[in-house]
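What follows is one structure encoded as structure tokens, with my remarks underneath.
Protein chains: 2
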Amino acid sequence: MDDPSAAPPGTDRPLRSDARRNREALLAAAATAFARDGLEAPLESIAKTAGLAIGTLYRHFPTRLDLVQAVFENKFTAWVAAAEEAVAADDPWAGFARYLEAMCELQADDRGMNDLASMRLPLSDYIDEQILHIRELARQAMQRAQDEGMLRADVTPEDLAFVIWSHSRIAAATRDVRPDAWRRHLYLLLDALRADSAHPLPVPALSEKELRQAMTNLGSGTACAE
Amino acid sequence: MDDPSAAPPGTDRPLRSDARRNREALLAAAATAFARDGLEAPLESIAKTAGLAIGTLYRHFPTRLDLVQAVFENKFTAWVAAAEEAVAADDPWAGFARYLEAMCELQADDRGMNDLASMRLPLSDYIDEQILHIRELARQAMQRAQDEGMLRADVTPEDLAFVIWSHSRIAAATRDVRPDAWRRHLYLLLDALRADSAHPLPVPALSEKELRQAMTNLGSGTACAE
DNA sequence: AGCAAACCTGAGGGCAGCCTCGACTTGATA
DNA sequence: TATCAAGTCGAGGCTGCCCTCAGGTTTGCT
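Residue numbers (full-length UniProt numbering), protein chains in the order written: chain A, 1 to 226; chain B, 1 to 226.
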């Protein structure tokens, strides 16, 4: 899974053994907490869960965002993989639909992932790259499904934000009651996206810029320094 | 001797003039704050906006819920009216669709209304009645549209929660960027609800009980005594 | 004018979460 | 084994919000 040796070249000297152990404990506790409570889970309770003092958490992760970053750094691979499958699928529509379902699964299982997907946070370049990559793949998957005539022609990649946002709320509401209820909503939405059910839409899609702004607005609850 | 304003037990005696004025100021400030920031807007800032001390707010409205109740008591009439129009419409599908749009409009204009619609709060009997009334009307409107064959047969009144929930997040995200962007999502969803675009749904609708629970879960952020 | 009840005020005590900092431990290295 | 930088600890200050209450003010009434 994770390489215990320091990842970035040059910058960091190796951690002391106890420090490395503690760092792992913090990451594990944070992963659990973020998954259950979202990215705003109290840091003090994360430290306590890890059996450490709050000061230690801050030593390892000076800001909440540093911790978020470290926890989710490697969790994007599944998302990228899903997007790659979509583009590679024989059946473009099926590939696209399967991609949306996989994406929603990732978010349904992890409130933190959900938060991450629905709002723009100032994260590491590495994660930003992955997100850009995912976007490009999704764009291609949509294009293929549109060329084939299955996906309605009047939706744009920015409209995928609707899927993410609506899923985020529905998953939050139903998680404890019927963990798979969101699938019903997603399948409804898929019916809406089929070309043969298309009726004119009343307003144009969000522009890329508007989308970015919208995601930033959502994130105003969480910290965002820098 | 017998003044009609003399306090009969059970009903509250009339407010002193300054108290009535202050009460109005509080309601106005609260309406603005709830609309802009949702039901969790800080009470202290509401009092300050009204030009009053926090203690005065608490005198008039001992709990946040009392204030919420008073602010929204009469704002449900528009919602009820929209539902009634739906049932009375000549064209059942058009009536139903128009109802959803009106409902979303109400929520898009007021974050507080949005919160109220998407989570179950312990409010006054009067409001509860109105909500029940709305539900019954919505059920009828759906039934009519289904009988007519326009609304797909496999959706239930509980599925309307999906509309509310997804709208709530999308409206929140786009409010400041493109206040009408939610219309695009709603029209997509309407396409999903048309009978002629129906494909099988993977999981059954929420039961009434599950729905109630789900709305309660969402509300855990806000206070809910009793 | 004088009075009592109704009303208003805002300082203050709680609580939860954030974050810092100086005193204390501990692992690695010579 | 001695040394000390690296690491850990947690009390405590800060903020924002909640809510209360003792004391001062206003209103309506006679």
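The beta carbon of each residue, even a glycine, is placed where N, CA and C say it ideally should be. Source: prediction; values computed, not measured.
Per-residue burial, residue i [other beta carbons within 10 Å of its own, 16 or more giving buried]
{"i": "Thr63 of chain B", "result": "exposed"}
{"i": "Val87 of chain A", "result": "buried"}
{"i": "Asp90 of chain B", "result": "exposed"}
{"i": "Glu208 of chain A", "result": "exposed"}
{"i": "Arg144 of chain A", "result": "buried"}
{"i": "Gly55 of chain B", "result": "exposed"}
{"i": "Ala19 of chain B", "result": "exposed"}
Proximal residues of chain B, C-beta to C-beta of residue i below 9 Å
{"i": "Ala215 of chain A", "result": "Here residue 215 of chain A is Met; the residue named in the question, Ala, does not match the sequence. Those are Ala173, listed as they occur along chain B."}
{"i": "Tyr187 of chain A", "result": "Ala192, His199, Pro200, Leu201, Pro202, Val203"}
Chain-ordered neighbours of residue i on chain A, where CB pairs are closer than 8 Å
{"i": "Ala198 of chain B", "result": "Asp191"}
Residues near residue i in its chain [Cβ-Cβ closer than 7 Å; skip 5 each side]
{"i": "Ala102 of chain B", "result": "Ala82"}
{"i": "Leu27 of chain B", "result": "Ala70, Val71"}
{"i": "Ser17 of chain A", "result": "none"}
{"i": "Gln146 of chain A", "result": "Ala153"}
{"i": "Arg135 of chain A", "result": "Pro157"}
{"i": "His133 of chain A", "result": "Val80"}
{"i": "Gln130 of chain A", "result": "Phe76, Val80"}
{"i": "Cys104 of chain A", "result": "His167, Trp182, Leu186"}
{"i": "Ala171 of chain A", "result": "Gln107, Ala108, Asn114, Trp182"}
{"i": "Gln140 of chain A", "result": "Val87"}
Chain-order list of residues whose beta-carbon lies under 6 Å from that of residue i (same chain, five-residue window excluded)
{"i": "Ala30 of chain B", "result": "Ile46, Leu67, Val71"}
{"i": "Gln69 of chain B", "result": "Leu123, Ser124"}
{"i": "Ala205 of chain B", "result": "Thr156, Glu158, Asp159"}
{"i": "Trp165 of chain B", "result": "Ser118"}
Contacts around residue i, its chain only, beta-carbon distance under 8 Å, and the 5 residues preceding and following it disregarded
{"i": "Glu226 of chain B", "result": "The predicted position of Glu226 of chain B is uncertain, since its pLDDT is 29 and thus under 50; no value can be drawn from it."}
{"i": "Glu84 of chain B", "result": "Leu137"}
{"i": "Thr174 of chain B", "result": "Ala181, Trp182"}
{"i": "Met215 of chain A", "result": "Ser118, Met119, Arg120, Ala161"}
{"i": "Leu52 of chain B", "result": "Asn22, Ala25, Leu26"}
Residue from the options with nearest C-alpha to residue i
{"i": "Leu100 of chain A", "options": "A:Asn114, A:Ala138, A:Leu132", "result": "A:Ala138"}
{"i": "Glu210 of chain B", "options": "A:Leu43, A:Ile131, A:Gln143, A:Asp176", "result": "A:Asp176"}
{"i": "Phe96 of chain B", "options": "B:Ser166, B:His199, B:Ser207, B:Met142", "result": "B:Met142"}
{"i": "Phe76 of chain B", "options": "B:His60, B:Thr156, B:Gly51, B:Asn114", "result": "B:Asn114"}
{"i": "Pro200 of chain B", "options": "A:Glu208, A:Leu201, A:Leu190", "result": "A:Leu190"}
{"i": "Gln213 of chain B", "options": "A:Pro179, A:Asp154, A:Asp196, A:Leu116", "result": "A:Pro179"}
{"i": "Arg98 of chain B", "options": "B:Leu52, B:Ala172, B:His60, B:Tyr187", "result": "B:Tyr187"}
{"i": "Ala108 of chain B", "options": "B:His167, B:Ile131, B:Met150, B:Leu116", "result": "B:His167"}
Proximity below 8 Å, CB of residue i to CB of residue j
{"i": "Ile127 of chain A", "j": "Glu73 of chain A", "result": "yes"}
{"i": "Arg184 of chain B", "j": "Val163 of chain A", "result": "no"}
{"i": "Ala33 of chain A", "j": "Thr49 of chain A", "result": "yes"}
{"i": "Ser118 of chain B", "j": "Leu218 of chain B", "result": "yes"}
{"i": "Trp79 of chain B", "j": "Glu148 of chain B", "result": "no"}
{"i": "Leu65 of chain B", "j": "Leu43 of chain B", "result": "no"}
{"i": "Asp196 of chain B", "j": "Ser197 of chain A", "result": "yes"}
{"i": "Arg169 of chain B", "j": "Arg169 of chain A", "result": "yes"}
Per-residue contacts from residue i into chain A (C-beta, under 7 Å)
{"i": "Glu210 of chain B", "result": "Val177, Arg178"}
{"i": "residue 227 of chain B", "result": "Limits of chain B in this structure are 1 at one end and 226 at the other, which puts residue 227 of chain B out of reach."}
{"i": "Gln170 of chain B", "result": "One detail in the question is off: residue 170 of chain B reads as Ile in this sequence, not Gln. Here the neighbours are Phe162, Trp165, Ser166."}
Where residue i meets chain A, residues with beta-carbon distance less than 9 Å
{"i": "Ala205 of chain B", "result": "Ala181, Arg184"}
{"i": "Leu160 of chain B", "result": "Correct list: empty, because the minimum Cβ distance to chain A is about 11 Å."}
{"i": "Leu218 of chain B", "result": "Arg169, Ala172, Ala173"}
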